[in-house]
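K.L.:
I have a structure here, written as structure tokens, and I will follow up with some questions on it.
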Amino acid sequence: MHRVDLKDGADLDGFRRALRGLVALGVEPGEVVWSVGATPSLFGDDATLPADAPPVSLPRPVGALIENVVCHRDPERYALLHRLVWRVLRGERDMLDHHADPLVHRLALLDKAVRRDLHKMHAFLRFHEVRDPDGTERYVAWFEPDHFIVEATAPFFVERFESLVWTILTPVGSLHWDRRSLTVGPAALRPEGLDRDDRFAEGWQRYYESTFNPARVNPTAMRAEMPRKYWANLPEAAAIPAMIRSAPARVQAMIEAEAAAPRRRNPDKAVAAMARQEPVTLAELNRIILAADPLVPGATQAVPGEGPEGAAIAIVGEQPGDQEDLEGRPFVGPAGQLLTRALEEAGIERSAAYLTNAVKHFKFVARGKRRLHQSPTAGEVKHYRWWLMKELSFVRPRLVVTLGATAALALTGRSVVGPAGTRADGVRRLGKASSPSTRPTCCACRPARGRKQAYRDFVADLRRAREGGGRGGLTASTGMIEYSMRSSHDRDRTS
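If you count by full-length UniProt numbering, then the sequence shown holds residues 1 to 495, one letter each, in order.
What follows is the structure in structure tokens.
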């Protein structure tokens, strides 16, 4: 007969060491006496168990079950787990799937009880703010678990309250976190006056009262999920009896009150409200743009347009890039440098054109220290379209050059990637002269063999735009200039 002495509580490490030795010797479960927290025998633990036995390979669900069951108060838990491991190592590796097996059923009940206790501690533990004699802020909590789960809950509380200094006291153990390291301590007694004059307790009670729904009162279900034994440590529990008593009267008052119209988010109302307070100058519009929060968080700042009002040509890109986001100016990054060179070759002075973007904030994906461009969605383009159209109404260019599919979508309200006639229809509906082209970055991203040709096509597009915008060639019937792009640009749909 072998005797194994383990520490009080959940001695997972001691159980693993003993189990490895028993498995190495082939000791059957019936030949082992597991002793927990008892006075060691005259000769101590069984000296015949090898101290350097190799680890035991078990299915992952079995390992997870062991970690939970050792936390249970059942004095037979280690013997039951030894029987489980014995059978698993002898071919029954899927025995946890056999729920009718008496051993599996009993272990499942122990596992369920521990998991429930873990959940209750996560949900019902409340910290109280205390001050050390030197004025240091600290948080202390008292909880009374059913099982030896204190150490098992440590990762949860460290992750959630990593920035605080806190101590958790229970009758079966304690935890202390100092923002750097975790200390597992012995059992404790409930501190005196823990919840006296505690603003945290008052905050919990106010939160609970504000979220209470009197129409869904079910005391039986509430007590099943939050048994009365936890109420003594819950600041908000003091308000429960009064809220239950007042629930019928509050429900009746709600029934007798007139029904309120449902509140629904309506973008059209927001646009209408903006229209009632529309800016009257481009400078006012830019102030609104700069004050607006990005639709997708992360951008440093909004990037308004740049250039003279009354410019003959306006150039609309997709969105600011990384450099533009940092400087707050459009087209100052690598793509902007390429655009500046192309404008010079096309005979357009950059300072004479109005440069802007369809989307006013930089959308990106972080990759380490780098911020990689991410194309805006159609919904995001629609969100910023009001600003773009208002911007162009102040500048009143003779011709708008859209760089890429996103800019064309913002200008026309729909995808502009079809035949020339489709593009012309979109421009007619807009009632504004437009010349679609490709994005400068698309020229740079092409394979070396086609890069030069793509750049020449881009310069040619800008040159045609200069000729149209500069001569003011507007037709009397439609007041627009129409251009047909080559098929190479129709294939370039990136934005």
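C-beta: ideal position from N, C-alpha, C; glycine also.
Fair warning: this is a prediction, and the values are worked out from it, not measured in the lab.
1) Hey, how far is the Cα of T211 from the Cα of Q205?
2) When DSSP labels each residue in this structure, what does V4 get in the three-state scheme?
3) To the nearest angstrom, how far is the alpha carbon of residue 504 from that of R341?
4) Verify whether the separation of the beta carbon atoms of L84 and L107 is less than 8 Å.
5) In angstroms, rounded to a whole number, what distance separates the CA positions of M243 and E209?
6) In the structure shown, what three-state DSSP assignment does T136 receive?
7) Quick one: grab the DSSP three-state call for E306.
8) Could you tell me which residues DSSP puts in a beta bridge with H105?
9) Which class does G9 belong to by DSSP, given the choice of helix, strand or coil?
10) Is there contact here, the stretch 291-310 with the stretch 374-392, by at least three beta-carbon pairs under 8 Å?
11) Since Y78 is in the alpha helix (DSSP H), which residue starts that stretch and which ends it?
12) Express the C-alpha separation of V70 and D11 in angstroms, rounding to a whole number.
13) Measure the CB-CB distance between I313 and R466 and report whether it falls below 8 Å.
14) Would W142 and R73 be called neighbours here (beta carbons separated by less than 8 Å)?
15) Would the beta-carbon of L96 fall within 8 Å of that of P61?
16) Going by other Cβ atoms of all chains shown within 10 Å of its Cβ, with 16 needed for buried, is Y207 buried or exposed?
17) Taking buried to mean at least 16 other C-beta atoms within 10 Å of its own C-beta, is D5 buried or exposed?
18) If you measure between the beta carbons of A353 and A311, is that distance less than 8 Å?
19) Roughly how many angstroms separate the alpha carbons of R3 and R93, rounded to a whole number?
20) Where are the alpha helix (DSSP H) runs, 4 residues long or more, that stay fully inside the stretch 138-176, in chain order?
21) Can you grab the Cα-Cα spacing for the pair V36 / R126, in whole Å?
22) For A314, which residues does DSSP report across the bridge?
23) From R216, L234 and L338, pick the residue whose C-alpha is nearest to that of Q252; which is it?
24) In whole angstroms, give me the CA-to-CA distance for F331 and S163.
25) Reducing DSSP to helix, strand and coil, say where R17 ends up.
26) Roughly how many angstroms separate the alpha carbons of A237 and K7, rounded to a whole number?
27) Would you please state the rounded distance, in angstroms, between the beta carbons of H361 and A302? I believe it to be under 8 Å.
P.N.:
So, from the data block:
1) 10 Å
2) Secondary structure at V4: strand, using DSSP grouped into helix, strand and coil.
3) Residue 504 lies beyond the stretch modelled for the chain, which goes from 1 to 495, so this question has no answer here.
4) yes
5) In a straight line, the C-alpha of M243 is about 8 Å away from that of E209.
6) DSSP places T136 in coil when its eight states are reduced to three.
7) strand
8) Paired residues: none, contrary to the question.
9) coil
10) Segments in contact, yes.
11) R77 to V88 is the extent of the alpha helix (DSSP H) around Y78.
12) Each residue's Cα considered, the two are about 7 Å apart.
13) Yes. Within cutoff.
14) No; because the gap between Cβ atoms is not below 8 Å, this pair is not in contact.
15) yes
16) Exposed, by the Cβ-count rule.
17) buried
18) Note that the C-beta distance between A353 and A311 is below 8 Å.
19) The alpha-carbon atoms of R3 and R93 are separated by roughly 27 Å.
20) 150-160
21) 31 Å
22) Y354 and V400
23) The option with the nearest alpha carbon to Q252 is R216.
24) Spanning the two alpha carbons is a distance of roughly 41 Å.
25) DSSP places R17 in the helix class (H, G or I) of the three-state scheme.
26) 36 Å
27) The C-beta distance from H361 to A302 rounds to 6 Å, short enough to meet the 8 Å contact threshold.
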